[in-house]
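Heads up: the sequence shown begins at 0 in numbering that gives the first Met the number 0, then just goes up one per residue. C-beta: ideal position from N, C-alpha, C; glycine also. Here the structure comes first, spelled out in structure tokens, and everything after it is commentary.
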Amino acid sequence: MSNDYIRKARLTHSDYLQDDGTYKAMNWNDVEDIIDKLTWEKLIEQFWVDTRVPLSNDLDDWRTLSDEEKDVVEKVFGGLTLLDTMQGETGVSRLRETVRTQMEDAVLSNIEFMENLHAKSYSSIFSTLNTPAEIDEIFRWTNSNKYLQKKAQTAIDVYDNGTPLQAKAMSVMLESFLFYSGFYAPLHFLGTNRLPNVAEIIKLIIRDESVHGTYIGYKFQLGINELPEEEQEELKQWVYDQVYAFYLNEEKYTELIYDQVGWTEDVKIFVRYNANKALQNLGLDPLFPDTADDVNPIIMNGISTGSSNHDFFSQVGNSYLVGQVEAMSDDDYLNFT
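Shown next, in the form of structure tokens:
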């Protein structure tokens with residue numbers, strides 16, 4: 000059974016045909032895996048678009064930042080754009096090649112769309128805060144930075160050549176671990192009452208990534224539990240090796256970006272904490288000793304405040320509302336915490 004799962008091709012139209020050759024509609028009232036349905040409902044509940052967050056309200060704050068602080072913001076968002084682009088173009092489509100149910104494919108198609116929306120959201124931030132020349136320089140740096148490219152190339156190699164379970168593990172590493180060195184900066188500024196609308200975008204993205212990492216990690220656990228014990232241990236060791244190698248690269252990436260503002264060691268703690276969160280999503284024991292208590296409390300408050308918890312079953316975010324009859328005003332985004 001395990002080998003069948005490892006080699007399973009993507010569900011095609013023929014997989015949705017009934018015995019008489021007629022096409023099988025997806026019946027959401029006949030659920031094979033309740034987690035598929037719950038995840039779909041969660042993702043729809045917290046759907047958002049970047050154009051409804053008034054980023055221009057942060058321009059006054061942006062003008063008060065030092066050149067070093069602006070450089071940090073530009074570089075981390077450039078890096079996040081690269082990783083989300085890769086997930087939207089390649090990563091999630093790879094996962095859709097090994098779905099267990101029709102509903103899982105639907106959930107992954109939603110995740111795929113949101114990864115592309117996340118990438119687009121960073122461009123909305125750039126177009127608000129930066130000049131065209133500055134934006135060009137941000138993307139030039141992003142597309143040539145060796146630490147970013149190492150992350151991307153490692154992930155793409157697994158997506159192209161790894162097993163389906165390795166691909167799932169890699170996706171969780173990205174969603175729950177590798178994005179977080181970039182998330183630190185806007186959460187830090189939020190904690191000092193700066194760039195609240197930029198931070199709102201990031202909190203919405205974090206909320207999405209929390210669901211993505213949990214859901215894909217759940218699917219990974221289903222698969223690994225079907226493997227013989229020896230293969231399970233081999234896969235677990237592969238995951239730990241990947242996480243540690245990524246962490247060594249993240250250390251250098253973090254130093255390159257954050258040394259100029261003196262936040263490097265705090266960011267490394269946050270990165271190690273989220274590496275453990277990724278392993279937790281995969282059903283594995285932590286690799287590092289760092290816990291939430293070790294993370295800068297300003298950052299933890301930014302992740303988990305009121306109705307916006309870093310949790311699979313969190314509520315819809317503090318200030319973003321969907322389905323209201325009247326248009327949102329800028330006042331809806333004030334006093335964001």
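Taking contact to mean at least 3 C-beta pairs separated by less than 8 Å, is the stretch 214–226 in contact with the stretch 170–179? yes
Cα-Cα separation between Gln45 and Asp35, rounded to whole angstroms: 16 Å
Classify Gly305 as helix, strand or coil using the three-state DSSP reduction. Residue placement at Gly305 is poorly supported in this model, since its pLDDT is 40, which falls under 50; the coordinates still yield a value, given next. DSSP places Gly305 in coil when its eight states are reduced to three.
Would you call Ser126 buried or exposed, if buried means 16 or more other Cβ atoms sit within 10 Å of its Cβ? exposed
Assuming Tyr246 and Arg271 make a contact with CB atoms under 8 Å, what is their CB distance in whole Å? Indeed, because the Cβ distance is near 7 Å, the residues count as touching under 8 Å.
contact_flag[the stretch 260–275, the stretch 178–194] where n(CB pairs < 8 Å) is 3 or more: yes
Looking at the unbroken alpha helix (DSSP H) that takes in Phe188, where does it start and where does it end? Tyr179 to Gly190
Could you please give the first and the last residue of the uninterrupted alpha helix (DSSP H) stretch that includes Ala151? Lys145 to Asn160
Return the residue from the list Ser180, Asn295 and Leu128 that minimises the CA-CA distance to Asp59. Leu128
From Leu283 to Ser123, what does the alpha carbon distance come to, in whole angstroms? 37 Å
Decide yes or no for the touch test of the stretch 226–240 against the stretch 135–148: beta carbon pairs closer than 8 Å, at least 3 of them. no
Counting only the same chain and skipping the five closest in sequence on each side, list residues whose C-beta sits under 7 Å from that of Val157. Gln165, Ala166 and Met169
Whole-Å CB distance - Gly222 paired with Leu79, under 8 Å assumed: Gly222 to Leu79, Cβ: 28 Å. No contact.
From what residue to what residue does the alpha helix (DSSP H) around Gly222 run? Pro195 to Ile223
Ile298: which of Asn192, Asp258 and Tyr252 sits nearest, CA to CA? Asn192
Rounded C-alpha distance that separates Arg62 from Ile200: In this model, Arg62 and Ile200 are separated by some 19 Å (Cα to Cα).
Taking the beta carbon of Val48 as the centre, do at least 16 other beta carbons fall within 10 Å, making it buried, or is it exposed? exposed
Taking only the alpha-carbon atoms, compute the straight-line gap between Ser92 and Leu107 and give it to the nearest angstrom. Ser92 and Leu107 have their C-alpha atoms spaced approximately 8 Å apart.
Measure from the alpha carbon of Ile137 to the alpha carbon of each residue in Thr89, Thr100, Leu81 and Glu96, then state which is nearest. Leu81
Count the other CB atoms within 10 Å of the CB of Gln86; is the residue buried (16 or more) or exposed (fewer)? buried
Cβ shell of Asp18 (< 6 Å), same chain only, five flanking positions each side left out: Cβ contact annotation for Asp18 (same chain, cutoff 6 Å, sequence separation greater than five): none.
Report the residue from Met102, Leu54, Asp70 and Thr89 whose alpha carbon sits nearest the alpha carbon of Lys23. Met102
Do Phe287 and Asn275 have their C-beta atoms closer together than 9 Å? Going by C-beta atoms, Phe287 is nearer than 9 Å to Asn275.
Cα-Cα separation, Glu254 to Phe112: 32 Å
Taking the straight line between their C-alpha atoms, what separation do you get for Lys251 and Ile205? 23 Å
Exposed or buried, Ile43, counting other C-beta atoms within 10 Å across all chains shown (16 or more means buried)? Flag for Ile43 reads exposed.
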